[in-house]
Amino acid sequence: DAFDAERLIEFLQALIKDAGRKVFLILDNLRVHHSKIVKAWVSDRHDQIELFYLPSYSPQLNPEERLN
Numbered sequence: 362d363a364f365d366a367e368r369l370i371e372f373l374q375a376l377i378k379d380a381g382r383k384v385f386l387i388l389d390n391l392r393v394h395h396s397k398i399v400k401a402w403v404s405d406r407h408d409q410i411e412l413f414y415l416p417s418y419s420p421q422l423n424p425e426e427r428l429n
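Counting along the sequence shown from 1, when you hit position 42 you're at 403 in the numbering used here, and nothing is skipped either side.
Written out as structure tokens, the structure is:
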């Protein structure tokens, strides 16, 4: 099954329920993470969850890149 906005929202709902406090979640730039549906859902729950996104391309921030 594909990972879509509906599945992401199900995950976020479970995360909020289990956390018992505000959730701060860091995501990559998968297209679904930036979908209008997800952004609207999160916006309606700004007191429960806040999303942050990794830069699109920043190898200098990846410790594994320094090994080469």
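We treat Cβ as the ideally placed atom computed from N, Cα and C, and that holds for glycine.
CA nearest to the CA of residue i, picked from the options
i      : options                           : result
SER419 : ASP365, ASP389 and ASP379         : ASP389
ALA380 : ARG392, ASP408 and SER396         : ASP408
HIS394 : LEU412, GLN374 and VAL384         : LEU412
VAL384 : ILE410, SER417, VAL399 and GLN421 : ILE410
SER417 : LEU386, PHE364 and LEU391         : LEU391
LEU376 : GLN421, ARG406 and LEU422         : ARG406
Through-space distance from residue j to residue i, alpha-carbon basis
i      : j      : result
LYS378 : LEU415 : 24 Å
ILE387 : LEU373 : 12 Å
Under 9 Å between C-beta atoms of residue i and residue j
i      : j      : result
ALA363 : ILE398 : no
Residues bridged to residue i (per DSSP)
i      : result
LEU412 : LEU386
Within-9 Å CB hit, residue i to chain C
i      : result
GLN409 : Going by chain labels, chain C is absent from the structure shown, which holds only one protein chain.
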